[in-house]
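Before any comments, here is the structure.
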Amino acid sequence: MTATPVTKTTGPADAPGPTESAGAYEPTALTVPSRSRDRARYDRETVHSILDQAYICHLGFVRDGAPVVLPTLYARVGEALYMHGSTGSRPLLAAGKADPGLAVCVTVTHLDGLVLARSAFHHSLNYRSVVVHGTARQVTDEAECRMALDAMVDAVVPGRSRDVRPANTRELAATAVIRVDLDEVSAKLRTGGPNDDAEDLDLPYWSGVVPVAPVHGTPVPAADLAPGIAVPDYVSAL
């Protein structure tokens with residue numbers, strides 16, 4: 193038993209960037225898990241579904257010889273992930289180099305349920321995750337940059353980018369966008385109930401799954417919002 197995911201549509205269908213293709217991603221030494229290989233998935237439908245139902249990822253890279261992992265906003269458009277930040281941030285500066293860019297690992301995880309077994313050893317989680325290995329490169333084309341920023345806004349609240357003031361020249365100059373193409377990609381997921389040992393089935397302990405799902409609260413208007421501006425339908429739909 194798992195929580196029902198919230199479906200999101202990310203990015204314009206005709207956005208520029210790598211072409212989305214059918215089929216599956218080719219497994220590599222980096223994308224084949226060392227354990228529970230039966231939980232791995234490489235088909236694009238599964239990978240894209242997991243990516244499109246979230247908007248926070250963890251971006252991992254090496255800085256000055258030490259590993260760094262940063263939570264950041266992202267959006268998938270076709271066969272690419274886009275992330276953004278200040279033009280002065282170290283990972284974005286490194287990604288801005290023409291060659292070779294910045295080697296990164298990007299992870300996205302959904303928690304769907306707490307799996308409570310009769311034994312402590314068999315407690316687990318129901319989850320869906322994606323791991324992307326690749327090279328982050330800075331986006332320099334203004335049209336692609338604007339498209340990516342709109343896609344990130346819409347990844348959080350679909351339809352929002354068409355209902356706000358777009359970034360001006362000064363704001364664009366202060367914002368860097370990086371792209372990671374979806375080449376080395378894998379998904380991994382667990383579903384179902386506890387895997388109790390046969391000899392534990394008669395033990396007097398509750399066993400089962402506690403579903404977990406994100407919940408949006410009632411929208412709270414800004415303190416300085418002008419009177420008469422109603423909550424947009426796309427916000428109420430959350």
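Numbered per the working numbering, the sequence shown spans residues 193 to 430. Quick reminder that beta carbons are idealized off the backbone N, C-alpha and C, glycines included.
Are the beta-carbon atoms belonging to residue i and residue j less than 7 Å from one another?
i    : j    : result
I242 : A340 : no
A328 : V296 : yes
L265 : M344 : yes
V377 : V298 : no
H302 : N387 : no
V356 : Y247 : no
P411 : V423 : yes
V239 : V322 : yes
With a threshold of 16 other CB atoms inside 10 Å of the CB of residue i, please say whether the residue is buried or exposed.
i    : result
I421 : exposed
I370 : buried
Y319 : buried
V324 : buried
D425 : exposed
V224 : exposed
A309 : buried
Which whole-angstrom value is the C-beta distance of residue i and residue j, which I expect to be below 8 Å?
i    : j    : result
H250 : P263 : 6 Å
L381 : R236 : With 8 Å as the limit, L381 and R236 do not qualify as a contact, their Cβ atoms being about 15 Å apart.
F253 : L294 : 6 Å
G385 : V307 : 7 Å
V404 : D304 : 6 Å
L364 : C337 : 7 Å
Would you report the Cα separation of residue i and residue j, rounded to the nearest angstrom?
i    : j    : result
W398 : P358 : 53 Å
E271 : L374 : 5 Å
D394 : S311 : 12 Å
A216 : T361 : 39 Å
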